[in-house]
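Student:
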């Protein structure tokens, strides 16, 4: 039930008005050896079990440091080590910790936190501050001489005889949720698009990447009518279609509260605020209809201009960023990106601040208005000839581009049949968003052109397969049969239709 609004003042504590994301003062890698460290006979217990620690713990400036894997494993956290950046990352129950060797700061749930003593290496092992990582993962720490007793969050629950934890938060009705958050949602206008955004810091706004990716200039309009210019893009996630932009002046509005991804449940009541079709800060409510990985399906209506808008739970906390819908259907197929991806992007920016803040668009804008179909094919093959998913990357084959008798630009290709059979169902949303991105790119490059993008499954068999439509199975002769049907079908002009078959 943890929420991350200002858990350590979010990333506003990291980002000043000019986005100064410099490391906090403290021991740097070159100075770590100069600090006095004592190797002591410290005994560490977690939930009554003594830890075997190799190398032995050290005490530096009153801080005990222990081998990372021993403590993280004992507390039930998953831990990874990035050799290139010398960074430890641990996650448990929605909480995440990042510690970089020699850095005087850590990142806890996207917020930079100052450390008295940095993580460091000894005898080939990585040592981390014991109290910091324990308390960050919900444990309590008690010191008695050279004995340190740690009680994990689970251990604390057991000590309380499995007493029920009561949620003391107050549920809000739709009107109260809007009143709490209306000023925290803005309308974004760029030289190529219009969308919505959510305040996440003093001068930082979260939105969809596709709202700002092609822009060379932008402004945001606050709910009171104030217009602020945008300096550029601070960071983005292409995979999750998220971006954080920075205004040239402080926004003067407190950031939204981020919910815990663990609190999001199918059937939850949610409220959206965005600017569909440019109608600023339109509020609507509905349910979370389904959850698929980092995507939330919702009955809340979404339209052009809603992209980058906010989806709040019944406590007024942000659970997602509204991003897209499937049109021409009576079902409520509207989608938002989960707050879990938002936290990952905030953490990424904290760990790897940009050298400059600027737009990526403008000079990169491509025009294919007068291009031949061969030139369009080359452009598409270079930029969209592969589909990258969480299950791997698949290369498209038999790419063709033509204009049909109705004047449509038709792009067709064949997906790898093995990849589709194994992962088609699990990557359906990723295939859909790949198609939307590719279609939008072509539409931007060829204005006023009706586009169809079709990706086929195709496989030859030594028998006649059953269960397909008649026109999906072709007799090749000599006892060979071919199955071919559209896996992805995107059609786009002023509106977009996309279907994915799994």
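Numbering (UniProt numbering), first residue to last: 1 to 502.
We put the CB at the ideal spot given by N, CA and C, even for glycine.
What are the complete beta strand (DSSP E) segments, minimum 3 residues, inside the segment 238-278?
Tutor: Counting whole runs of 3 or more residues, the segment 238-278 contains the beta strand (DSSP E) stretches 242-247 and 269-274.
Student: Buried or exposed for residue 380, please, with buried defined as at least 16 other CB atoms from any protein chain shown within 10 angstroms of its CB.
Tutor: buried
Student: Leaving out the 5 sequence neighbours to the left and right, which residues in its chain are closer than 6 Å to residue 301 when beta-carbon positions are compared?
Tutor: 284
Student: Could you give the first and the last residue of the continuous beta strand (DSSP E) run that contains residue 439?
Tutor: Taken as a continuous stretch (DSSP letters only), residue 439 belongs to no beta strand (DSSP E), being part of the alpha helix (DSSP H) at 428-445.
Student: Quick one: grab the DSSP three-state call for residue 107.
Tutor: Under the three-state reduction of DSSP output, residue 107 falls in the strand class.
Student: Assign residue 88 to one of two classes, buried (16 or more other C-beta atoms within 10 Å of its C-beta) or exposed (fewer than that).
Tutor: So residue 88 ends up on the buried side.
Student: Could you check which residue in 348, 322 and 415 has the C-alpha nearest to that of residue 337?
Tutor: 322
Student: Have a look at residue 494 and residue 228 and give me their C-alpha separation to the nearest angstrom.
Tutor: Looking at the backbone, the Cα of residue 494 and that of residue 228 are separated by about 29 Å.
Student: Do you know how far the Cα of residue 245 is from the Cα of residue 313?
Tutor: When rounded, the distance between both Cα atoms is 24 Å.
Student: Once the 5 residues before and after residue 136 are set aside, which same chain residues still bring their CB inside 7 Å of it?
Tutor: 95, 97 and 108
Student: Determine which residues share a DSSP beta bridge with residue 386 and list them.
Tutor: 395
Student: State the Cα-Cα distance for the pair residue 483 and residue 243, rounded to the nearest angstrom.
Tutor: The straight-line gap from Cα to Cα measures roughly 40 Å.
Student: Would you report the Cα separation of residue 488 and residue 368, rounded to the nearest angstrom?
Tutor: 23 Å
Student: Go through its chain and collect everything with a Cβ distance to residue 357's Cβ below 8 Å, but skip five positions before and after it.
Tutor: 19, 231, 232, 233, 234 and 246
Student: Threshold first: 3 residues or longer. Then list the beta strand (DSSP E) segments lying entirely within the segment 301-371, N to C.
Tutor: Unbroken beta strand (DSSP E) stretches of 3 residues or longer found wholly inside the segment 301-371: 309-312, 318-325 and 334-338, given in chain order.
Student: Tell me the rounded alpha-carbon separation between residue 206 and residue 449.
Tutor: Whole-angstrom Cα-Cα distance: 31 Å.
Student: For the beta strand (DSSP E) containing residue 413, list its first residue and its last residue.
Tutor: Segment 409-414, the beta strand (DSSP E) holding residue 413.
Student: Tell me whether the segment 462-470 and the segment 383-393 touch, counting them as touching only if at least three CB pairs, one residue from each stretch, are closer than 8 Å.
Tutor: no
Student: Using beta-carbon positions only, say whether residue 196 and residue 274 come within less than 8 Å of one another.
Tutor: yes
Student: In this structure, does DSSP put residue 501 in helix, strand or coil?
Tutor: Secondary structure at residue 501: coil, using DSSP grouped into helix, strand and coil.
Student: State the beta-bridge partners of residue 376 as determined by DSSP.
Tutor: Residue 376 is not bridged to any residue.
Student: Applying the 10 Å Cβ sphere with the 16-neighbour rule, what's the burial state of residue 492?
Tutor: buried
Student: Whole angstroms are fine: how far does the CA of residue 123 sit from the CA of residue 431?
Tutor: For residue 431 and residue 123, the gap between their C-alpha atoms comes out near 46 Å.
Student: Looking only at DSSP bridge pairs, what is residue 482 linked to?
Tutor: 460 and 474
Student: Note down the Cα distance separating residue 200 from residue 254, rounded to an integer number of angstroms.
Tutor: 8 Å
Student: One question on the structure: do residue 92 and residue 76 come within less than 8 Å of each other, judged by their Cβ atoms?
Tutor: yes
Student: Quick check for students: name the residue ranges of the alpha helix (DSSP H) that lie wholly in the UniProt domain "Copper amine oxidase-like N-terminal" (45-150), counting only runs of 4 or more.
Tutor: 68-74 and 130-136
Student: So, do the segment 263-279 and the segment 204-219 have three or more beta carbon pairs nearer to each other than 8 Å?
Tutor: No, the segment 263-279 does not touch the segment 204-219.
Student: So, is residue 276 buried or exposed, given that buried needs 16 or more other C-beta atoms within 10 angstroms?
Tutor: buried
Student: Take the Cβ of residue 139 as the centre, count every other Cβ of all protein chains shown within 10 Å, and call the residue buried at 16 or more, exposed below.
Tutor: buried
Student: Compute the Euclidean distance between the alpha carbons of residue 143 and residue 57, then round it to the nearest angstrom.
Tutor: Distance between the alpha carbons of residue 143 and residue 57 is about 14 Å.
Student: May I ask which residues mark the beginning and end of the beta strand (DSSP E) holding residue 221?
Tutor: Start and end: 218-221.
Student: Which same chain residues, not among the five before or five after residue 496, have their C-beta less than 6 Å away from its C-beta?
Tutor: none
Student: Please name the residue, chosen from 153, 342 and 189, that lies closest to residue 238 on a Cα-to-Cα basis.
Tutor: 342
Student: Give me the Cα-Cα distance between residue 396 and residue 446, rounded to the nearest whole angstrom.
Tutor: 22 Å
Student: Using a Cβ-Cβ cutoff of less than 6 Å, which residues in the same chain neighbour residue 118 once the five nearest sequence positions on both sides are dropped?
Tutor: The beta carbon of residue 118 lies closer than 6 Å to those of 27, 102, 103 and 104 in the same chain, with the five residues before and after it left out.
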